[in-house]
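Read through the structure below, which is laid out as structure tokens, and then see the notes.
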Amino acid sequence: MIHFDNLDKQWPDGTKALSNISLTVARGQFCVILGPSGAGKSTLLRAVNGLVPPTRGHVEIDGVVLSPSTQRHLRRRVAMIHQHFNLASRLSVAANVLSGLLPAVSTARALSGWFRAEHRRKACALLEQVGLSPTHLKRRAGDLSGGQQQRVGIARAFMLDPEVVLADEPVASLDPKISRDILTLIRDAARERNTTVLCSLHQIELAREFGDRIVGMRDGRIVFDGTPEAFTDERVRALYHGAQWEEPPRAPSTAAPAFELAHA
Ligand code: ADP
């Protein structure tokens with residue numbers, strides 16, 4: 032479970048990226064974050080792995096407050112999937128997947144390239160799960176197609192069996208068919224492990240198809256929080272083209288408890 036408690040983020044230049052964010056995402060939920068560019072989606076995701084320290088408020092993961100003293104431990108439990116894959120393009124596919132272990136192994140071991148056989152087996156199993164064959168293992172990551180690179184990114188993210196996966200626009204640079212395949216892989220891998228997914232997207236239809244829950248952000252605030260069914264065309268227009276709200280309207284109050292019940 033991820034809990035954001037009254038989170039604010041103001042950048043040194045005065046930009047308020049997050050304002051008063053309070054949100055609880057239940058374990059195992061696939062929560063899609065939508066909103067126009069600059070709404071604060073990326074900042075919100077990065078607050079969960081400690082890359083963006085909040086100005087006010089805090090983030091909790093399974094009841095543990097993210098702080099300098101807990102960050103190292105919590106980072107092992109939170110993995111990220113990036114828009115531009117963030118692979119080491121000159122290294123092999125196998126090395127990239129194994130790098131998902133870095134928060135948990137010593138630097139010396141990582142530098143020597145020595146990983147236990149069980150980890151190698153796990154990397155192979157994950158690659159198979161994301162649809163890559165053993166023939167891909169030794170190929171340079173940078174030589175793969177975008178869709179294949181993101182498959183490697185997904186395998187890397189699940190190496191440590193994370194409790195939370197943050198996916199920051201994971202299909203923004205992929206075509207519609209491959210985007211659907213990639214989101215299916217993330218959803219299936221997460222369901223199998225009861226992993227919580229916080230995924231920012233800009234495609235409304237994909238958000239409706241894959242999200243258990245949709246959170247709409249604008250100007251650093253949550254302006255919609257509800258089911259894909261409640262995210263009507265009118266609400267889409269309001270999110271992307273509506274006037275600026277004084278007080279953010281929320282989805283009916285029954286929506287949030289329903290999620291908690293569904294995932295209890
Ligand atoms: P989104 O992911 O929804 O496009 P972001 O979270 O990237 O939005 O950005 C939210 C706001 O914070 C934007 O106004 C953006 O320009 C600003 N911002 C993001 N990162 C920084 C930074 N490192 N320094 C200053 N402003 C930033």
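Final position of the sequence shown in the working numbering is 295; the numbers increase by one with none missing.
Beta carbons: idealized from backbone N, C-alpha and C, even for Gly.
Whole-number beta carbon distance between residue j and residue i, since they are thought to touch under 8 Å
i	j	result
residue 321	residue 227	Nothing can be reported for residue 321, as the shown portion of the chain is limited to 32 through 295.
residue 40	residue 90	With 8 Å as the limit, residue 40 and residue 90 do not qualify as a contact, their Cβ atoms being about 11 Å apart.
residue 231	residue 200	5 Å
residue 188	residue 235	The Cβ separation is near 24 Å, so there is no contact.
residue 76	residue 229	6 Å
residue 66	residue 247	6 Å
residue 56	residue 32	7 Å
Per-residue DSSP class, three states only, for residue i
i	result
residue 210	helix
residue 192	coil
residue 186	helix
residue 44	coil
residue 76	helix
residue 127	helix
residue 106	helix
residue 70	coil
residue 237	helix
residue 175	coil
residue 170	coil
Beta carbon proximity, residue i to chain C, threshold 8 Å
i	result
residue 108	The chain labelled as chain C is not found in the depicted structure, where only one protein chain is given.
Short Cβ contact (8 Å threshold) for residue i with residue j
i	j	result
residue 52	residue 253	yes
residue 128	residue 154	yes
residue 95	residue 101	yes
residue 181	residue 116	yes
residue 121	residue 152	no
residue 146	residue 132	yes
residue 168	residue 158	yes
Beta-ladder partner(s) of residue i, from DSSP
i	result
residue 245	63, 257
residue 36	89
residue 55	34
residue 252	249
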